[in-house]
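Here the structure comes first, spelled out in structure tokens, and everything after it is commentary.
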Amino acid sequence: MSNEQIKNLEEIFEARIARDEKIEPKDWMPEKYRKTHIRQMSQHAHSEIVGMLPEGNWITRAPSLRRKAALLAKVQDEAGHGLYLYSACETLGVSRDELYEQLHSGKAKYSSIFNYPTVTWADMGAVGWLVDGAAIINQVPLCNTSFGPYARAMVRVCKEESFHQRQGFEIMLKLCNGSQEQKDMAQDALNRWWWPSLMMLGPTDAESIHTEQSMKWKLKRKSNDDLRQQFIDQTVPQAELLGLTIPDPDLKWNDEKGVYDFGEINWDEFWQVVKGHGPCNKQRMKARVSAWENGEWVRDAAMAYADKKEARKLKEAI
Amino acid sequence: MSKNWPLWEIFVRSKNGLEHRHFGSLHASDAEMALENARDVYTRRSEGVSIWVVESTNITASNPEHNGELFEPAQDKVYRHPTFYDLPDEVKHM
Ligand SMILES: [Fe+2]
Ligand SMILES: [Fe+2]
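Chains A and B supply the protein sequences, listed in that same order.
Residues 401 to 718 in the working numbering are what the first sequence lists, from first letter to last.
Residues 43 to 136 in the working numbering are what the second sequence lists, from first letter to last.
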């Protein structure tokens, strides 16, 4: 194809997206669109899968059967989210094995928030409330993204997320209405998860390299800073309801702008964690790689059994 | 390297009276496992009463590049639609 023809196709393609038409896997698409989608969807899938680890840590130690059943269901949902997204990604011609390989070799990224440890039960509350809360803010606009399989996966994901956030907030509420010790535990969890949750919405607009192209393709509908502001404005009143203090001395309602002003985010910390130097990066990767490697014989045995059954069926047919 | 589990397309009937609809795909070693996994991945909240699994390699799809010759012929056949026919307003129930 000549450059002119490609340019022509690209114009038709961009116009389709501008008209709110969906792009489906077999449609012609610019190589950059395909690559960007594989990168973003797989990153998203990896985040769901690695995101199971910090919460999986507390399943066996949940304080009651009710909490245990809820946490188990939540973590199972995150596995499901990962699977919807991997399969959406595979429609673009990349294999599941390649995607795992990218995660395990460190080539692909996942949300850096999951590199923080979950040290008390209150962290299950804070993670559901804040981390799932921030994830919802990120994900809701993606239900209208231009790539059909991604948009459809996000609709399912968003339907399931609201239970995650509510169960987290309920944990916080219970602790905040409990003994002084329990309340302290809740405050401590908020102190540790607040800033990483703000960072989770991505670098500032000034630093964000992909924003403009992503806006055009509807991979992004609001900028990181706008999403962050939305998150803060909706979360502060929830913290007040719990009787907890947001760990930011500069946090203040701005009457003129109608939003909360907030303090400086420690971006050095963010980049450190992204680069692999967070508290749990190594531990998370080790858990994923060893699950994959130790599961190999199970995958092989299942495949061998399926082949054997198939062969027997053929033989009987003859 | 060992053989990878094949990909299966999952179709779910959400309730009797409705058709099976494509829900997504997953990997499984055989059809039976694909059904079991589909139950866990796609129907955790009673989204379905029946599941079909089809190995993805068995699906033949039309090529969007041929959409013109495939679907455009229908566009100039307006006489297939009821509004094509001019009838006086006095005609009722038609
Ligand atoms: Fe999720
Ligand atoms: Fe979630």
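All C-beta atoms, glycine included, are put in the ideal place defined by N, C-alpha and C.
Just so you know, these numbers come straight off a predicted model, no measurement behind them.
Taking a Cβ-Cβ threshold of 9 Å, none of the residues of chain B is close to TYR550 of chain A; the smallest such distance is about 12 Å.
In this structure, the alpha-carbon of ASP477 of chain A lies about 7 Å from that of GLU560 of chain A.
Judged by DSSP in its simplified three-state form, TYR121 of chain B adopts helix. Approximately 6 Å separates the beta-carbon atoms of ASN544 of chain A and LYS618 of chain A; this is inside 8 Å, confirming the contact. Fewer than three beta-carbon pairs drawn from the segment 104-115 of chain B and the segment 69-84 of chain B are found closer than 8 Å, and the two stretches are therefore not classed as touching. Taken in chain order, the complete beta strand (DSSP E) segments of 3 residues or longer contained in the segment 636-666 of chain A are 652-654 and 659-661.
In the structure shown, GLY676 of chain A falls within a helical segment according to DSSP collapsed to helix, strand and coil. Between ligand 2 and the CB of HIS444 of chain A, the shortest heavy atom gap is not smaller than 6 Å. Counting only residues of its own chain and dropping the five nearest sequence neighbours on each side, ILE52 of chain B has a CB closer than 8 Å to the CB of HIS64, PHE65, GLY66, SER67, LEU68, ALA76, ALA80, VAL83, TYR84, ILE93, TRP94 and VAL95. Contact between TYR550 of chain A and MET441 of chain A holds, since their C-beta atoms are separated by about 6 Å, short of 8 Å. DSSP places HIS64 of chain B in the strand class (E or B) of the three-state scheme. The beta-bridge partner set that DSSP reports for HIS69 of chain B consists of B:LEU49.
For the pair ILE513 of chain A and PRO647 of chain A, the CB atoms are not nearer than the 7 Å cut-off. At a Cβ-Cβ threshold of 7 Å, GLU455 of chain A and HIS481 of chain A do not count as neighbours. For SER487 of chain A, the nearest CB of chain B lies under 7 Å from its own CB, placing it at the interface with that chain.
ALA553 of chain A is not a Cβ neighbour of LEU627 of chain A, given a cutoff of 7 Å.
Taking C-beta atoms as the reference points, GLY578 of chain A and GLY528 of chain A fail to come closer than 7 Å. Contact between GLY525 of chain A and ALA589 of chain A holds, since their C-beta atoms are separated by about 6 Å, short of 8 Å. Fewer than three pairs of CB atoms, one per stretch, sit closer than 8 Å, so the segment 668-681 of chain A makes no contact with the segment 607-616 of chain A. Unbroken alpha helix (DSSP H) runs of no fewer than 4 residues, entirely contained in the segment 566-622 of chain A, are found at 580-600 and 611-616, following chain order. Between GLN582 of chain A and LEU573 of chain A, the gap from beta carbon to beta carbon reaches 7 Å or more. For ILE93 of chain B, no alpha helix (DSSP H) run applies; the uninterrupted beta strand (DSSP E) run containing it begins and ends at 92-97, by DSSP. Within 6 Å of the C-beta of HIS564 of chain A there is at least one heavy atom belonging to ligand 2. ILE438 of chain A and ASN109 of chain B have their alpha carbons spaced roughly 25 Å apart.
Between the alpha carbons of ARG556 of chain A and GLU89 of chain B lies a gap of roughly 11 Å. For ligand 2, a non-hydrogen atom lies closer than 6 Å to the CB of ASP532 of chain A.
As for any beta strand (DSSP E) of minimum length 3 sitting wholly inside the segment 407-444 of chain A, there is none. The shortest C-alpha to C-alpha distance from ARG621 of chain A to any of A:GLY678, A:THR604 and A:LEU542 is the one to A:LEU542. For GLU455 of chain A, the CB stays at least 6 Å from every heavy atom of ligand 1.
In the structure shown, VAL475 of chain A adopts helical secondary structure according to DSSP, grouped into three states. Using a CB distance cut-off of 7 Å, TYR500 of chain A does not count as an interface residue toward chain B. Residue environment for TYR705 of chain A: exposed (fewer than 16 other C-beta atoms within 10 angstroms of its C-beta). Excluding five sequence positions before and after TRP47 of chain B, the CB atoms of its chain that fall closer than 7 Å to its own CB belong to HIS69, ALA70 and SER71, given in chain order. Within its own chain, the residues whose Cβ lies closer than 6 Å to the Cβ of LEU503 of chain A, once the five positions on either side in sequence are excluded, are HIS446, listed in chain order.
Annotation for LEU453 of chain A: PHE514, ARG684 and ALA687 place their beta carbon closer than 7 Å to its own, counting only its chain and skipping 5 residues before and after. DSSP links ARG87 of chain B through a beta bridge to no other residue.
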